[in-house]
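One structure is given here, and the rest of the page talks about it.
There are 2 protein chains.
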Amino acid sequence: MRKLIEFIPNFSVSEQKDEAVFNELVKTAESVPGCTLLDAESDGSHNRTVLTITGSPEAIEEVAFLLCKKAMETIDLRKHTGAHPRMGATDVMPFVPAQDVSLEECIELSKRVAERIWNQLRIPCFLYEDSCTSEERRNLANIRKGEFEGMSEKLQLPEWEPDYGEREPHPTAGVTAVGARMPLVAFNVNLDTDDIEIAKKIAKAIRGSSGGFKYCKAMGVMIAETGKAQVSMNMVNYEKTPLFYAYEMIRTLAASYGVNIIGSEIVGLTPAKALIDCASFYLRLRDFDCYKQVMEYHLGE
Amino acid sequence: MRKLIEFIPNFSVSEQKDEAVFNELVKTAESVPGCTLLDAESDGSHNRTVLTITGSPEAIEEVAFLLCKKAMETIDLRKHTGAHPRMGATDVMPFVPAQDVSLEECIELSKRVAERIWNQLRIPCFLYEDSCTSEERRNLANIRKGEFEGMSEKLQLPEWEPDYGEREPHPTAGVTAVGARMPLVAFNVNLDTDDIEIAKKIAKAIRGSSGGFKYCKAMGVMIAETGKAQVSMNMVNYEKTPLFYAYEMIRTLAASYGVNIIGSEIVGLTPAKALIDCASFYLRLRDFDCYKQVMEYHLGE
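Line order of the protein sequences matches chains A and B. In this note's numbering, each number is its position in the first sequence, counted from 1, plus 39. In this note's numbering, each number is its position in the second sequence, counted from 1, plus 39.
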């Protein structure tokens with residue numbers, strides 16, 4: 040099985056506002072053998088570009104550095120305006136295990152990339168998400184607060200010394216957040232009730248922040264189109280908090296209110312394994328080795 | 040998403056009895072760009088080699104012909120002995136849809152391959168499995184009956200004219216069966232009883248041949264190690280007869296005998312989709328597009 044990492048760097052530039060720079064970034068993303076550029080999304084009003092790249096750990100490590108270098112050479116944050124908060128030309132670089140790679144390998148890789156960026160480009164780096172060196176730095180919003188314009192002052196604060204680099208942002212490229220995280224699954228469960236309070240109570244019961252499943256974020260919302268309540272979730276580590284934990288707990292709690300589940304939905308992408316683990320639970324599969332027995336994991340070998 | 044076909048040709052030769060020929064076949068399998076040789080299994084007493092190859096439809100079509108040609112040039116069935124029944128140097132060539140390819144595309148491909156084998160190699164071909172031109176030819180055992188030694192006589196029978204070629208086997212390479220089929224999932228459900236009759240009754244109720252699910256083959260067996268009865272199944276089209284149909288029906292029937300399911304197992308490989316469809320059923324997923332939303336289907340793009 041091929042080892043694959045998904046890499047989703049965010050840049051403070053857009054195709055709409057600076058097509059030449061956008062094209063340079065795309066060209067760089069496509070220049071490293073072993074990498075595939077899956078998607079390039081640009082938003083003019085946010086003045087931001089998000090690339091989605093998959094590849095071998097070695098190729099991703101190389102393309103991450105080259106993209107950060109290219110962004111430094113072509114983007115001047117002193118001239119940047121846009122609706123999206125930002126602190127760096129390369130604003131944030133998350134590494135996500137996609138196939139036969141552990142979260143730990145992605146964490147190690149993120150540290151090597153951050154170190155190289157400081158050593159060779161002199162852009163200070165913060166480690167965030169599961170690479171963070173303190174809980175305060177796990178959340179990107181904490182690190183980015185103050186943005187490019189306030190970063191010079193912020194780095195003087197005792198608690199905001201960068202993980203790599205000195206207490207002074209790069210003059211044109213600012214600072215960059217680098218880190219590893221598990222793929223996130225956006226999983227919503229629709230209830231057969233118009234009472235949003237039931238969805239809110241269930242969300243509170245199952246989310247980690249209020250005592251529920253550690254890797255589940257949840258809120259209760261109303262869906263205007265159907266007039267029904269929904270438990271809307273982000274499953275941030277499907278291996279440690281599987282989707283069926285959330286589903287079965289919602290089913291049980293909803294039943295205690297006399298409410299049924301209508302159906303559920305996954306928004307956007309999910310790793311196959313997040314669903315295969317559910318099938319394995321419901322079919323009571325024993326001794327099933329997903330990576331050995333699922334055909335698709337061998338197709339690209 | 041890349042289109043991928045799995046191709047599992049069987050040859051009447053073994054590494055143990057003729058290493059040079061085995062090596063030639065492996066070399067040929069590796070010679071076509073766009074193909075990957077996943078596995079090469081050889082059995083001396085059966086005197087048989089099974090290759091597992093994945094690749095694009097075009098690459099698989101080419102490698103199928105080249106392998107059949109190489110087998111014709113290097114294997115002489117008049118000298119072949121082995122425990123496994125066989126009728127050709129290349130005995131059987133199944134094409135299986137693996138990713139973003141329909142069964143119909145594999146059927147068309149199998150016909151083009153069979154036609155080319157006859158036209159260029161003068162080996163008569165039968166179409167079998169889902170490529171078959173009559174129900175009698177669906178089952179390989181029917182076609183192969185009589186084996187290499189009896190094939191000359193068999194081809195004279197009115198009902199055994201080859202689908203491609205004349206009524207005379209190739210002198211040294213015999214005849215070949217070519218066809219498309221869905222991937223097969225070997226799925227067993229273990230019952231909490233030592234009464235094999237219950238497993239047999241359930242197997243009879245759920246299998247297509249006796250009125251159950253069309254694409255489910257099932258039998259009741261005893262597992263010596265555990266002393267428990269098992270419903271042992273081959274799911275021959277998981278899209279039309281999903282695994283959860285079988286599981287839920289077994290659960291219901293077993294309950295009527297007062298018996299619980301202990302657990303289930305999948306033997307060997309399964310396509311991810313066979314399990315994702317189960318997760319989708321149990322989680323009541325709505326509007327889920329497996330090929331668009333499952334990350335792995337995009338990794339190799």
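Even glycine gets a Cβ: it sits at the ideal position worked out from N, Cα and C. Given the structure is predicted, the values throughout are model-derived calculations rather than measurements.
At least 7 Å separates the CB of Glu-80/A from every CB of chain B.
Excluding the 5 residues flanking it on each side, Ile-182/B has same chain C-beta neighbours closer than 7 Å at Phe-165, Tyr-167, Arg-176, Ala-216, in chain order. Counting only unbroken stretches of 4 or more residues, the alpha helix (DSSP H) elements lying wholly within the stretch 121–178 of chain B are 142–155, in sequence order.
For the stretch 110–142 of chain B, residues whose beta-carbon sits nearer than 8 Å to a beta-carbon of chain A comprise Ala-137, Gln-138.
Residue Tyr-286/A holds the alpha-carbon nearest to the alpha-carbon of Phe-320/A among Tyr-286/A, Gly-302/A, Ala-122/A, Ile-300/A.
If you look at Val-52/B, you'll find it isn't in any alpha helix (DSSP H); DSSP assigns it neither H nor E.
Residues of the stretch 314–337 of chain A whose Cβ lies closer than 9 Å to any Cβ of chain B, in chain order: Leu-314, Ile-315, Asp-316, Cys-317, Ala-318, Ser-319, Phe-320, Tyr-321, Leu-322, Arg-323, Leu-324, Arg-325, Asp-326, Phe-327, Cys-329, Lys-331, Gln-332, Val-333, Met-334, Glu-335, Tyr-336, His-337.
For Gly-185/A, no chain B residue has a C-beta closer than 7 Å to its own C-beta; the minimum C-beta separation is roughly 34 Å. For Phe-320/B, the enclosing alpha helix (DSSP H) covers residues 311–321.
Among the bridge pairs identified by DSSP, Asp-233/B is matched with none.
Look at Ser-95/B: its C-beta is not under 7 Å from any C-beta on chain A.
For Leu-77/B, a Cβ of chain A is located within less than 7 Å of the residue's own Cβ. Using a 10 angstroms sphere on the CB of Gly-297/B, the tally of other CB atoms stays under 16, which defines it as exposed. When the five nearest sequence neighbours on each side are left out, the beta carbons in the same chain lying within less than 7 Å of the beta carbon of His-337/B are those of Met-40, in order along the chain. From the listed residues Gly-218/A, Lys-312/A, Ala-318/A, Asp-326/A, the smallest Cα separation to Val-306/B is found for Asp-326/A. For Arg-117/A, the CB contacts under 7 Å within the same chain, skipping 5 residues up- and downstream, are Thr-211 in chain order.
In the displayed model, Met-334/A falls within coil according to three-state DSSP, outside both helix and strand. For His-123/A, the closest alpha carbon among the candidates Ile-262/A, Ser-51/A, Ser-173/A is that of Ser-51/A.
Annotation: Gly-189/B is outside any beta strand (DSSP E); the continuous alpha helix (DSSP H) that includes it extends over 186–193.
Interface residue (Cβ-Cβ distance to chain A less than 7 Å): Glu-278/B is not classified as such.
When the Cα atoms are used, Arg-125/B and Gly-218/B turn out to be separated by approximately 16 Å. Note: Asn-227/B is bridge-paired with Ser-271/B, Glu-304/B in the DSSP secondary-structure output. By the Cβ-count criterion, Glu-45/A is buried, with 16 or more other Cβ atoms from all chains shown falling within 10 Å of its own Cβ. Under the 8 Å Cβ criterion, the stretch 97–107 of chain A counts as touching the stretch 71–82 of chain A, having at least three qualifying pairs. Comparing alpha carbon positions, the residue from Ala-294/A, Arg-290/A, Pro-310/A closest to Ser-303/A is Arg-290/A.
Cβ contact annotation for Asp-169/B (same chain, cutoff 7 Å, sequence separation greater than five): Leu-142, Ile-146, Gly-218, Ala-219, Arg-220, in chain order. Membership of Ala-110/A in the alpha helix (DSSP H) is indicated by the continuous run 96–113.
With fewer than 16 other beta carbons inside 10 angstroms of its own, Tyr-330/A counts as exposed.
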